[in-house]
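*Asks:* In our numbering, each number is its position in the sequence shown, counted from 1, plus 531.
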Amino acid sequence: MLTGDRVRLRALEPADSEALWRWYHDPEVGRWMDASPPISLAQNMEKGANRPRNTFEQMVLGIETLDGGRLIGYVALGDTDFIQGEATLQSIAIGDRDHQGGGYATDALRLICRYAFEEMGLHRVMLWVVADNTAAVRAYTRVGFVEEGRRRESFRTRGKRHDFLMMGLLESELK
Numbered sequence: 532m533l534t535g536d537r538v539r540l541r542a543l544e545p546a547d548s549e550a551l552w553r554w555y556h557d558p559e560v561g562r563w564m565d566a567s568p569p570i571s572l573a574q575n576m577e578k579g580a581n582r583p584r585n586t587f588e589q590m591v592l593g594i595e596t597l598d599g600g601r602l603i604g605y606v607a608l609g610d611t612d613f614i615q616g617e618a619t620l621q622s623i624a625i626g627d628r629d630h631q632g633g634g635y636a637t638d639a640l641r642l643i644c645r646y647a648f649e650e651m652g653l654h655r656v657m658l659w660v661v662a663d664n665t666a667a668v669r670a671y672t673r674v675g676f677v678e679e680g681r682r683r684e685s686f687r688t689r690g691k692r693h694d695f696l697m698m699g700l701l702e703s704e705l706k
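1. Could you give the DSSP three-state label for Glu679: helix, strand or coil?
2. Quick one: which unbroken beta strand (DSSP E) runs of 3-plus residues sit fully inside the segment 598–629? Chain order, please.
3. Going by beta-carbon coordinates alone, are Gly626 and Ile603 separated by less than 8 Å?
4. Apart from the five residues just before and just after Leu642, which ones in its own chain have a Cβ nearer than 6 Å to its Cβ?
5. By Cβ distance below 6 Å, which residues in the same chain neighbour Leu705 in space, the five residues on each side in sequence not counted?
6. How would you label Thr586, buried or exposed, when you count the other beta carbons within 10 angstroms and need 16 or more for buried?
7. Do Ala647 and Ala618 have their C-beta atoms closer together than 8 Å?
8. Given a cut-off of 8 Å, decide if Leu696 and Glu684 are closer than it, judged by their beta-carbon atoms.
9. Cα-Cα, which of Arg681, Asn575, Val660, Gly609 is closest to His556?
10. Between which two residues does the alpha helix (DSSP H) carrying Ile643 extend?
11. Going by DSSP, name the residue or residues bridged to His556.
12. For Arg571 and Trp552, I'd like the C-alpha separation in whole angstroms.
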């Protein structure tokens, strides 16, 4: 487990599948996520029971509050390239609406990036984020990510097109 100021990152358990399913089906939580066809709770529970083991190349961790140990979200780091020394932050979500906007995502971002740099020996973490997802962009910027590029009108949600920003963080830039 990785412990920060507000959260702990831990491996997901099969019992976490119900919470993840609720978050995926919450229109506000899923607004900025890639769309996928809906699956039943039973299908999601089966998926959780058969979740691949975390590796340095691909990991999904639960975000849990330090005060109370409540699962409030998840973070995924993957596409690790040890030759180039970089990985992609594939997603992060605070699915529990009661904990959105409270600095939990920022703390989780610092933790996963510190782990990537200090434990995995990486030099760079990159990500793609919808430009209009201002809360996410603000959290990434607080941790030290900088905009490195833009893919115009490459994400569609609710019938509207949005730009994607590519952001990167070098080991020396982590705040």
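Note that beta-carbon positions come from the ideal geometry of N, C-alpha and C, so glycine has one too.
*Replies:* To lay it out plainly:
1. Within the sequence shown, numbered from 1, the residue matching residue 679 stands at position 148. If DSSP states are grouped into helix, strand and coil, Glu679 belongs with the strands.
2. 602–612, 617–625
3. In the sequence shown, the residue the question calls residue 626 occupies position 95. In the sequence shown, the residue the question calls residue 603 occupies position 72. A contact, by the Cβ cut-off of 8 Å.
4. Here residue 642 refers to the residue found at position 111 when the sequence shown is read from its first residue. Leu533, Gly535, Leu540.
5. Numbered from 1 along the sequence shown, position 174 holds the residue referred to as residue 705. Only Cys644, Gly675 meet the Cβ criterion.
6. Within the sequence shown, the letter at position 55 stands for residue 586. Flag for Thr586 reads exposed.
7. Here residue 647 is taken as the residue at index 116 of the sequence shown, counted from 1. Here residue 618 is taken as the residue at index 87 of the sequence shown, counted from 1. It is a contact, given that the beta carbons lie within the stated cut-off.
8. Numbered from its first residue, the sequence shown carries residue 684 at position 153. Numbered from its first residue, the sequence shown carries residue 696 at position 165. Cβ distance not < 8 Å, so Glu684 and Leu696 don't count as in contact.
9. Start at 1 with the first residue of the sequence shown, and residue 556 comes out as number 25. Out of Arg681, Asn575, Val660, Gly609, Asn575 has the C-alpha closest to the C-alpha of His556.
10. Taking the sequence shown and counting its residues from 1, the one referred to as residue 643 is at position 112. First-last of the alpha helix (DSSP H) with Ile643: 635–645.
11. Start at 1 with the first residue of the sequence shown, and residue 556 comes out as number 25. None; His556 has no bridge partner.
12. Your numbering for residue 571 matches position 40 in the sequence shown. Your numbering for residue 552 matches position 21 in the sequence shown. Rather than Arg, the amino acid found at residue 571 in this sequence is Ser. Taking the straight line from one Cα to the other gives about 8 Å.
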